Amino acid sequence: MLLFEITEELDHHSVEKIRKRADYEIQRFMPKKVIFDFKKVSFMDSAGIGLIIGRYKVANLYEGDVELINVKENIKKIFEMSGILKIIKIVDDLNSEATG
Amino acid sequence: MSRNIKNEMKIEFLSKSANEAFARISVAAFASQLDPTIEEIADIKTSVSEAVTNSIIHAYPNKDGIVKIRAILLEDEIEIEVSDTGEGIENIEEAREPLFTTKGNLERSGMGFTIMENFMDKLKVESIVGLGTKVTMNKKIKNKNLQNTY
Ligand SMILES: Nc1ncnc2c1ncn2[C@@H]1O[C@H](COP(=O)(O)OP(=O)(O)OP(=O)(O)O)[C@@H](O)[C@H]1O
Ligand SMILES: [Mg+2]
Numbered sequence: 084m085l086l087f088e089i090t091e092e093l094d095h096h097s098v099e100k101i102r103k104r105a106d107y108e109i110q111r112f113m114p115k116k117v118i119f120d121f122k123k124v125s126f127m128d129s130a131g132i133g134l135i136i137g138r139y140k141v142a143n144l145y146e147g148d149v150e151l152i153n154v155k156e157n158i159k160k161i162f163e164m165s166g167i168l169k170i171i172k173i174v175d176d177l178n179s180e181a182t183g
Numbered sequence: 002m003s004r005n006i007k008n009e010m011k012i013e014f015l016s017k018s019a020n021e022a023f024a025r026i027s028v029a030a031f032a033s034q035l036d037p038t039i040e041e042i043a044d045i046k047t048s049v050s051e052a053v054t055n056s057i058i059h060a061y062p063n064k065d066g067i068v069k070i071r072a073i074l075l076e077d078e079i080e081i082e083v084s085d086t087g088e089g090i091e092n093i094e095e096a097r098e099p100l101f102t103t104k105g106n107l108e109r110s111g112m113g114f115t116i117m118e119n120f121m122d123k124l125k126v127e128s129i130v131g132l133g134t135k136v137t138m139n140k141k142i143k144n145k146n147l148q149n150t151y
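Which chain is which? The protein sequence lines are A and B, in order. Its first residue numbered 84, the first sequence is counted upward by one per residue in this note's numbering. Its first residue numbered 2, the second sequence is counted upward by one per residue in this note's numbering.
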């Protein structure tokens, strides 16, 4: 499992750096699960959708899945609109997942 | 039909991605005069970010250009115009469809116009190929104080 904590506002300007770092780590560790922690993300636009779909594609090359945790309501709305929650799960927190 | 414009602002800036946050924060600060809810502010910020990013990425793909924003406050509503003098949109109807993008290779998801449409009350897109694009968005701000008077 590979956990990324995102600490910046997710827009077209900021995703580039995150994309590079994430792809490097995913290719290095080939994890079965990649988790993005959205706890510190207060803003996201459509660039965030592209970022997550893109990382899903990379993780999938190594049969890995992508999950999102601690996603705020206003950001959840944007993910819902895009339809990507069919392939990428939002989990409330890691503990509830372990017990459930 | 004349409108009662309570306030107006204009900004323009170079089409650099570093200005995306500047643009949405400026409009949000201006909108706060109407005493919006946190959710209304979030919707406005996201929609401005979408429109401005579109001008930066699609209107001026290989050069810097000017992006302009004009916002006006009406009685209980904000109107925001984002315009560029870039490449323009060939087929506006198609561009507005969910998931339609001409830049899939750049990890664009084609959700920008869909998000603006969902988060604002009205969205108008005008564009002429070679001349540029203007997006006009309106959002009603439900005034909390007024509701309490009745
Ligand atoms: N200001 C503009 N100038 C030129 N073309 C534009 C402009 N805005 C949008 N477009 C065109 O409309 C399409 C759809 O825009 P939309 O914002 O919905 O999706 P996107 O920008 O491609 O992806 P996303 O916003 O999800 O990252 C774009 O791919 C582009 O071809
Ligand atoms: Mg867009």
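Every residue gets a Cβ at the ideal spot worked out from N, C-alpha and C, and that includes glycine. Computed from a prediction, not measured in an experiment: that's the story for all the values here.
Report the rounded CA-to-CA distance for residue i versus residue j, giving the unit in angstroms.
i, j, result
"Asp122 (chain B)", "Asn139 (chain B)", "6 Å"
"Phe31 (chain B)", "Glu41 (chain B)", "13 Å"
"Gly147 (chain A)", "Val117 (chain A)", "7 Å"
"Ala24 (chain B)", "Val49 (chain B)", "7 Å"
"Glu98 (chain B)", "Arg71 (chain B)", "25 Å"
"Val68 (chain B)", "Gly166 (chain A)", "30 Å"
"Leu107 (chain B)", "Gly137 (chain A)", "10 Å"
"Phe102 (chain A)", "Leu93 (chain A)", "In the sequence under discussion, the amino acid at residue 102 (chain A) is Arg, which differs from the Phe named in the question. Whole-angstrom Cα-Cα distance: 11 Å."
"Val98 (chain A)", "Asn119 (chain B)", "23 Å"
"Thr47 (chain B)", "Gly131 (chain B)", "27 Å"
"Ser56 (chain B)", "Glu94 (chain B)", "17 Å"
"Asn149 (chain B)", "Val124 (chain A)", "Note on Asn149 (chain B): pLDDT 49, under 50, position unreliable in the model; the coordinate value appears next. Those two C-alpha atoms are separated by around 33 Å."
"Asn63 (chain B)", "Lys100 (chain A)", "20 Å"
"Val53 (chain B)", "His59 (chain B)", "10 Å"
Leaving out the 5 sequence neighbours to the left and right, which residues in its chain are closer than 7 Å to residue i when beta-carbon positions are compared?
i, result
"Leu75 (chain B)", "Arg4, Asn5, Ile6 and Lys7"
"Lys135 (chain B)", "Glu82, Ser84 and Glu127"
"Asn143 (chain A)", "none"
Can you name the residues that DSSP bridges to residue i?
i, result
"Phe121 (chain A)", "According to DSSP, which records beta bridges pairwise, Phe121 (chain A) is partnered with nothing at all."
"Gly133 (chain B)", "B:Ile129"
For a contact defined as C-beta to C-beta under 7 Å, what are the partners of residue i on chain A?
i, result
"Ser110 (chain B)", "Ser129, Ile132, Gly133, Ile136 and Ser165"
"Glu91 (chain B)", "Correct list: empty, because the minimum Cβ distance to chain A is about 20 Å."
"Ser50 (chain B)", "Asp94 and Asp128"
"Asn119 (chain B)", "Met164"
What in chain B is Cβ-close to residue i, meaning under 7 Å?
i, result
"Phe121 (chain A)", "Going along chain B, no residue has its Cβ under 7 Å from Phe121 (chain A), so there is no contact; the nearest lies around 14 Å."
"Glu92 (chain A)", "Ala22"
"Phe126 (chain A)", "Lys46"
Does at least one heavy atom of ligand 3 sit under 7 Å from the Cβ of residue i?
i, result
"Arg25 (chain B)", "Ligand 3 is absent from the structure shown, which contains only ligand 1 and ligand 2."
With a threshold of 8 Å on Cβ separation, who are the neighbours of residue i within its own chain once the five nearest residues in sequence on each side are excluded?
i, result
"Lys122 (chain A)", "Glu88, Ile152 and Asn153"
Closer than 9 Å by beta-carbon distance: list the chain A residues that pair up with residue i, in chain order.
i, result
"Glu98 (chain B)", "Near Glu98 (chain B) there are no residues of chain A at all, since even the closest Cβ is about 13 Å away, more than 9 Å."
Starting from the beta carbon of residue i, find every residue of chain B whose beta carbon is closer than 9 Å, and list them in chain order.
i, result
"Asn157 (chain A)", "Ile39, Glu40, Ala43, Asp44 and Thr47"
Output, in chain order, the set of chain B residues within a Cβ distance shorter than 8 Å of residue i.
i, result
"Ile171 (chain A)", "In chain order: nothing, as chain B lies at least about 12 Å away."
Looking only at its own chain, which residues have a Cβ that is under 6 Å from the Cβ of residue i, when we skip the five neighbours before and after it?
i, result
"Glu88 (chain B)", "Ala60"
At least 3 beta-carbon pairs within less than 8 Å: the segment 9-19 of chain B vs the segment 151-165 of chain A: Here the segment 9-19 of chain B makes no contact with the segment 151-165 of chain A; the two share fewer than three CB pairs at distances below 8 Å.
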